[in-house]
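Below you'll find the structure, written out as structure tokens, and then a few comments.
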Amino acid sequence: MDLVGDVLSGSRLALARLLTQIENESQAGLEALDKLFKHTGKAHLIGVTGAPGTGKSSLVNQLARHYRKDAPGQSPPRVAIVAVDPSSPFTGGAILGDRIRMRELSGDPGVFIRSMASRGALGGLAHTTAGVVQAFDAAGFDVIFIETVGAGQAEVDIARLAHTTLVVEAPGLGDDIQAIKAGILEIADILVINKADRPGVESTEQALKGMLQLAHPAPRIFHHHYQPMEINKPPVDKPEQEMWLPPIQRTVAVEGIGVSELIQAISNHQVYLDRTGEREHRDQIRLETELVHHLRSELMARWQTASAPGQYQQVLQQVVSRRISPHQAAETLLSGGEAA
Ligand SMILES: Nc1nc2c(ncn2[C@@H]2O[C@H](COP(=O)(O)OP(=O)(O)O)[C@@H](O)[C@H]2O)c(=O)[nH]1
Ligand SMILES: [Mg+2]
Numbered sequence: 058m059d060l061v062g063d064v065l066s067g068s069r070l071a072l073a074r075l076l077t078q079i080e081n082e083s084q085a086g087l088e089a090l091d092k093l094f095k096h097t098g099k100a101h102l103i104g105v106t107g108a109p110g111t112g113k114s115s116l117v118n119q120l121a122r123h124y125r126k127d128a129p130g131q132s133p134p135r136v137a138i139v140a141v142d143p144s145s146p147f148t149g150g151a152i153l154g155d156r157i158r159m160r161e162l163s164g165d166p167g168v169f170i171r172s173m174a175s176r177g178a179l180g181g182l183a184h185t186t187a188g189v190v191q192a193f194d195a196a197g198f199d200v201i202f203i204e205t206v207g208a209g210q211a212e213v214d215i216a217r218l219a220h221t222t223l224v225v226e227a228p229g230l231g232d233d234i235q236a237i238k239a240g241i242l243e244i245a246d247i248l249v250i251n252k253a254d255r256p257g258v259e260s261t262e263q264a265l266k267g268m269l270q271l272a273h274p275a276p277r278i279f280h281h282h283y284q285p286m287e288i289n290k291p292p293v294d295k296p297e298q299e300m301w302l303p304p305i306q307r308t309v310a311v312e313g314i315g316v317s318e319l320i321q322a323i324s325n326h327q328v329y330l331d332r333t334g335e336r337e338h339r340d341q342i343r344l345e346t347e348l349v350h351h352l353r354s355e356l357m358a359r360w361q362t363a364s365a366p367g368q369y370q371q372v373l374q375q376v377v378s379r380r381i382s383p384h385q386a387a388e389t390l391l392s393g394g395e396a397a
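According to the numbering used here, the residues represented by the sequence shown are 58 to 397, in order.
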């Protein structure tokens, strides 16, 4: 069976199998991604993040429907949805709810929905999500949504996989806006106030505007989406007319209100990304993050293969008993020398 060939020729079954292999981080999955990689880079990746219950899944559902229907005279884009739920033990119901909500979409061959739950190590979820997104990209999906609960750093990492990140808020979720806690406002390209049918929309919008000004103080409004790693060059300064100010969009996802306007805002952001070279910049940072991940895990694996059995535990005990520092321990282990 030629999994890669079948994925490229549009087999949903092959794609589903591949996604499972990627999630399991199997060797076959890694090798398939190696072969598929040259077919990636065409999709527009849209991150959707925000506190639980703000309506992210409902919104993604509506956005997908609009993308599939609002393309007169041309073939509509194919849409993939990756729903990442890092806290599945507590929100298994939410995933089930998503499945039910998305059932009407799933009859459409131009839509593919995948739920992912966390089970790997910290940071691993962002990595397997990147692989899943690449598989969809190679399989020819034009728009890929990545829905994640905005609660912590891992979710911020997942949102950073995207070209365009939507941060979803809803009125009445408490006095302080949920986004402040995780700092996800920093990564917002578009702010969405969903549940605009609920009371408190005005004050939510005022609060968001205030925070936007704090996050992007004039005149340097351009925001640094990605905390560059040590090896990254800092983002280039852009002239003021090329800066992107995150717009605030109101929606009522359950009724489809404001969804066309939101799609227009996404499209404006796409144009901005292409015009300013920001899309390439984001792609580079994303791929560099992946490269570093592979380097780290490969170096670690090589070191483990080369090191003497038991040495690690022995050195660790010396650290625990305060005889050597963690830094000295690392030096000892890497030099292959005996513990002091
Ligand atoms: N009143 C109202 N309810 C909404 C709206 N959007 C979503 N909901 C409801 O809010 C609940 C949570 O929605 P869901 O999409 O699962 O939120 P998620 O946890 O952010 O993915 C569901 O019961 C939705 O029906 C909206 O615009 N207005
Ligand atoms: Mg959801």
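Built from N, CA and C at the ideal position, the CB exists for glycine as well. Quantities reported herein were computed from a predicted structural model and do not represent experimental measurements.
Backbone CA spacing between residue i and residue j [nearest angstrom]
i: Ala387; j: Glu337; result: 37 Å
i: Thr346; j: Leu218; result: 10 Å
i: Thr106; j: Gln361; result: 37 Å
i: Val258; j: Leu248; result: 13 Å
i: Gln374; j: Ser392; result: 18 Å
i: Gly229; j: Lys252; result: 9 Å
i: Ile244; j: Phe94; result: 26 Å
i: Gln84; j: Thr389; result: 31 Å
i: Ala174; j: Val189; result: 13 Å
i: Asn325; j: Glu318; result: 10 Å
i: Val377; j: Arg343; result: 37 Å
i: Ile103; j: Pro256; result: 28 Å
i: Leu265; j: Leu116; result: 19 Å
i: Lys113; j: His384; result: 44 Å
i: Ile138; j: Leu60; result: 21 Å
i: Val168; j: Arg135; result: 6 Å
i: Val224; j: Pro304; result: 11 Å
i: His184; j: Gln270; result: 32 Å
i: Gly67; j: Asp194; result: 12 Å
i: Ser132; j: Pro109; result: 34 Å
Neighbour-count burial assignment, residue i, 16 or more Cβ in a 10 Å radius
i: Arg380; result: exposed
i: Arg332; result: exposed
i: His351; result: exposed
i: Pro366; result: exposed
i: Glu355; result: exposed
i: Ser163; result: exposed
i: Thr77; result: exposed
i: Met357; result: exposed
i: Asp91; result: exposed
i: Leu87; result: exposed
i: Glu299; result: exposed
i: Ala216; result: buried
i: Met58; result: exposed
i: Leu70; result: exposed
i: Ile288; result: With a pLDDT of 40 at Ile288, under the threshold of 50, the modelled position of that residue is not reliable, and no figure is offered here.
i: Gly334; result: exposed
i: Arg359; result: exposed
i: Gln341; result: exposed
i: Ala73; result: exposed
i: Val328; result: exposed
i: Gln306; result: buried
i: Ala363; result: exposed
Span of the alpha helix (DSSP H), counted from its first residue to its last, around residue i
i: Gln84; result: Gln84 to Leu93
i: Val376; result: Gln368 to Val377
i: Glu204; result: Element bounds for Glu204: not the alpha helix (DSSP H) but the beta strand (DSSP E), Val200 to Val206.
i: Met357; result: Glu335 to Ala363
i: Ala121; result: Lys113 to Lys126
Residue i in three-state terms, based on DSSP
i: Ile381; result: coil
i: His220; result: coil
i: Arg74; result: helix
i: Gln191; result: helix
i: Ala275; result: No answer about Ala275 holds up, because its pLDDT of 48 lies below 50 and its placement is not dependable.
i: Met404; result: The requested residue 404 does not occur in the structure, where the chain is confined to residues 58 to 397.
i: Ala174; result: strand
i: Arg332; result: helix
i: Arg69; result: helix
i: Leu248; result: strand
i: Asn325; result: helix
i: Val64; result: helix
Start-to-end residues for the beta strand (DSSP E) that takes in residue i
i: Ile138; result: Val136 to Asp142
i: Gly104; result: His101 to Gly107
i: Gln131; result: Neither: Gln131 is in no beta strand (DSSP E) and is coded neither H nor E.
i: Ile314; result: Element bounds for Ile314: n/a, residue is neither H nor E.
i: Arg307; result: Ile305 to Arg307
is_contact[residue i, chain D] using C-beta, thresh 7 Å
i: Gln131; result: Going by chain labels, chain D is absent from the structure shown, which holds only one protein chain.
- At least 3 beta-carbon pairs within less than 8 Å: the stretch 304-313 vs the stretch 106-120: Yes: at least three Cβ pairs fall under 8 Å.
- Message: Check whether the stretch 83-102 and the stretch 199-207 are in contact - that is, three or more C-beta pairs closer than 8 Å.
- Response: With three or more CB-CB distances shorter than 8 Å, the stretch 83-102 counts as touching the stretch 199-207.
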